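Asks: Protein chains in written order, with the UniProt record's numbering: chain A, 1 to 222; chain B, 1 to 222.
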DNA sequence: AGGCTAATGTCAGCGTCTGACAATTGACAA
DNA sequence: TTGTCAATTGTCAGACGCTGACATTAGCCT
């Protein structure tokens, strides 16, 4: 491991990697793009893994070497967006109260969502896929589990910021649970609505976040 | 439909039904019991549908006539408990504030959880299965989706109680989302803990509910 | 008793996913 | 450049979840 990686963690590694590595990345990207394209066009259940693999001209077995299962490829762009959001939270000023930091992070992340994923898929495809996820029972289930995992990470980060022991103080998990609930409500309403743009989702999120009021929102006394 | 059913909704139908019906109920119960027994003993993934069917001496095809998929049988006792809880909410006094009603319903339901399910499986098995669900990724995902569906029903009931239009006022969904988040945190801590009893879970839930404070907790002005 | 219908069993087949082994291809040094 | 090594991929077989179609069994009702 180089010094760079050791310090910066998951920074973008030097692009001119070996031919092998680049080929792998291209195959992976192609699989994601073809999969999301097929999922959004004809539905998740009506798309077989064979179809996806065939579209990229690899074997089915190769698909399962890149993705543990059919669901995983459906969340590829979500994964990128979530990493983006989490990084945004970690970048918030230390003095900010927990809920304010979460609010700032999500609104900022929604604002610059394009940058984080456009090298993988277009923002339009990403958003269409989000709708497919919300309206496909099996995908919705996985989505909620992934969300729960993210909330656990968020709670730990909040606890770290506040200098609290996450196993002794329930407040980090509670404020994150509240926050997550609000995000879900906003996202669901957006899915059911007409407007497609990311901005609409951003505004809707901000509006709903204002409803939770002062609970656990101010600075915590230790 | 008789007058009885029309008034009482899902009341216990007259037990002396036809032989056919009783046989079906026995088969279903046997499938649930065998399934939960196997799931809790050797794990969900390591149990095949064939095993379950074989234990009850029916064909695999028959299993899938009783349950749409392998997951469904895993949630049979949860289903009963959830119905019990929802009924408890509907029975709360009309004057109670939303969060207070939810709180009263869940604590009451946890208290009398046994009655609702002990005719299907033992409370111990029910609780052991809950732990399996929380610790099995695929089941956890489904559990969270089911929870989300229940929260939608709860939000509608809250809106009804308060005389609000659920599509116009976000508060019913928000208070339920908050509530659901708290329940999840409590349930998760209980799963990770040592204590097995239902009482522990009940107390843990009550304790965490007290943390959400006054937000959306008081009576709402229209 | 005998016909009707619901419940069950059997069979074939699709789709997801995995292990094993062989074939291919990039990486790297002699 | 070429040969060796290791990583990537393809092929094959098979387990498991799940479904439609059809035959068989068994409760119900006159």
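Where is the CB? At the ideal position from N, CA and C, for every residue including glycine.
Here the structure is a predicted model, which means the values were calculated and not measured.
Return the Cβ separation of residue 68 (chain A) and residue 60 (chain A) in integer angstroms, given the expectation that the two are a contact with Cβ distance under 8 Å.
Replies: Position 68 of the first chain, counted from the start, is the residue given in the question as residue 68 (chain A). Position 60 of the first chain, counted from the start, is the residue given in the question as residue 60 (chain A). Not confirmed; about 14 Å, so no contact.
Asks: Please state the DSSP three-state secondary structure of residue 8 (chain B).
Replies: For the purposes of this step, residue 8 (chain B) is taken as the residue at position 8 of the second chain. Caution applies to residue 8 (chain B), whose pLDDT of 38 falls short of 50 and renders its modelled position unreliable; the model cannot decide the point.
Asks: Using a beta-carbon distance below 8 Å, is residue 141 (chain B) in contact with chain A?
Replies: Walking along the second chain from the start, residue 141 (chain B) turns up at place 141. At least one chain A Cβ lies under 8 Å of residue 141 (chain B).
Asks: Can you name the residues of chain B whose CB is closer than 8 Å to the CB of residue 36 (chain A)?
Replies: As a working note, residue 36 (chain A) is residue 36 in the first chain. By Cβ distance, chain B contributes nothing, its closest Cβ being about 20 Å from residue 36 (chain A), past 8 Å.
Asks: With DSSP collapsed to three states, give me the class of residue 104 (chain A).
Replies: Along the first chain, read from residue 1 onward, the residue named residue 104 (chain A) stands at position 104. Looking at residue 104 (chain A) - three-state DSSP - the assignment turns out to be helix.
Asks: Could you confirm whether any beta carbon from chain A is found closer than 8 Å to the beta carbon of residue 187 (chain B)?
Replies: Residue 187 (chain B) sits at position 187 when you count from the first residue of the second chain. Not closer than 8 Å to any Cβ of chain A, the Cβ of residue 187 (chain B) fails to qualify, so no.
Asks: Could you name the residues of the same chain whose beta carbon sits closer than 7 Å to that of residue 210 (chain A), not counting the 5 residues immediately before and after it, in chain order?
Replies: For this step, residue 210 (chain A) is matched to residue 210 along the first chain. The answer is none, since no qualifying residue turns up.
Asks: Apart from the five residues on each side of it in sequence, which residues of its chain come closer than 8 Å, Cβ to Cβ, to residue 22 (chain A)?
Replies: Along the first chain, read from residue 1 onward, the residue named residue 22 (chain A) stands at position 22. Contacts found: none.
Asks: With three or more beta-carbon pairs closer than 8 Å as the criterion, would you say the stretch 170-189 of chain B touches the stretch 111-124 of chain B?
Replies: Result no; under three Cβ-Cβ pairs closer than 8 Å.
Asks: With 8 Å set as the bound, which would you pick, yes or no: does the beta-carbon of residue 180 (chain B) sit closer than that to a beta-carbon of chain A?
Replies: Mapped onto the second chain, residue 180 (chain B) falls at position 180. At least one chain A Cβ lies under 8 Å of residue 180 (chain B).
Asks: Using the beta-carbon of each residue, which ones in chain B are nearer than 7 Å to residue 145 (chain A)?
Replies: For the purposes of this step, residue 145 (chain A) is taken as residue 145 along the first chain, with counting starting at 1. Chain B residues near residue 145 (chain A): 137, 140, 141, 144.
Asks: Taking the Cβ atom as the reference point for each residue, do residue 131 (chain A) and residue 191 (chain A) lie within a distance shorter than 8 Å?
Replies: Here residue 131 (chain A) corresponds to residue number 131 of the first chain, with the count starting at 1. Here residue 191 (chain A) corresponds to residue number 191 of the first chain, with the count starting at 1. Yes; because the gap between Cβ atoms is below 8 Å, this pair is in contact.
Asks: Mapping the DSSP letters down to three states, classify residue 204 (chain B) as helix, strand or coil.
Replies: Numbered from its first residue, the second chain carries residue 204 (chain B) at position 204. It is helical.
Asks: Rounded to whole angstroms, what's the CA-CA distance from residue 17 (chain B) to residue 27 (chain B)? Just pull it up for me.
Replies: The sequence position of residue 17 (chain B) within the second chain is 17, counting from 1. The sequence position of residue 27 (chain B) within the second chain is 27, counting from 1. About 15 Å.
Asks: Decide if residue 98 (chain A) is buried, meaning its Cβ has at least 16 other Cβ atoms within 10 Å, or exposed.
Replies: Within the first chain, residue 98 (chain A) is the residue found at index 98, counting from 1. With 16 or more Cβ atoms within 10 Å of its Cβ, residue 98 (chain A) is classed as buried.
Asks: Does chain A have any CB closer than 8 Å to the CB of residue 174 (chain B)?
Replies: In the second chain, residue 174 (chain B) corresponds to position 174, counting from 1. So yes, residue 174 (chain B) belongs to the interface.
Asks: Using three-state DSSP, classify residue 94 (chain A) as helix, strand or coil.
Replies: The residue labelled residue 94 (chain A) in the question sits at position 94 within the first chain. It is coil, neither helix nor strand.
Asks: Within this structure, are the beta carbons of residue 74 (chain A) and residue 129 (chain A) separated by less than 8 Å?
Replies: Your numbering for residue 74 (chain A) matches position 74 in the first chain. Your numbering for residue 129 (chain A) matches position 129 in the first chain. Yes, Cβ-Cβ distance for residue 74 (chain A) and residue 129 (chain A) is below 8 Å.
Asks: Helix, strand or coil for residue 59 (chain A), going by three-state DSSP, please let me know.
Replies: Within the first chain, the letter at position 59 stands for residue 59 (chain A). Residue 59 (chain A) falls in the coil class under three-state DSSP.
Asks: Along chain B, in chain order, which residues have C-beta atoms closer than 7 Å to that of residue 177 (chain A)?
Replies: Along the first chain, one-based indexing puts residue 177 (chain A) at 177. Those within 7 Å of residue 177 (chain A) in chain B are 181, 182, 184, 185.
Asks: Please confirm if residue 148 (chain B) has its CB atom under 8 Å from at least one CB of chain A.
Replies: Reading the second chain from its first residue, position 148 is the one you call residue 148 (chain B). With 8 Å as the cut-off, residue 148 (chain B) counts as an interface residue toward chain A.
Asks: How would you call residue 71 (chain A), buried or exposed, if buried means at least 16 neighbouring beta carbons within 10 angstroms?
Replies: Translated into positions along the first chain, residue 71 (chain A) becomes position 71. Residue 71 (chain A) is buried by the Cβ-count criterion.
Asks: What residues from chain B crowd round residue 66 (chain A), counting only those whose CB sits closer than 7 Å?
Replies: As a position in the first chain, residue 66 (chain A) is number 66, starting the count at 1. Under the 7 Å cutoff, chain B gives no residues; its nearest Cβ is about 19 Å from residue 66 (chain A).
Asks: With distances taken from CA atoms, which of B:65, B:45, B:31, B:85 is nearest residue 150 (chain B)?
Replies: For the purposes of this step, residue 150 (chain B) is taken as the residue at position 150 of the second chain. For the residues B:65, B:45, B:31, B:85, the minimum Cα distance to residue 150 (chain B) belongs to B:85.
Asks: How is the alpha helix (DSSP H) around residue 179 (chain B) delimited, first residue to last?
Replies: In the second chain, the residue the question calls residue 179 (chain B) occupies position 179. Its alpha helix (DSSP H) spans residues 171-192.
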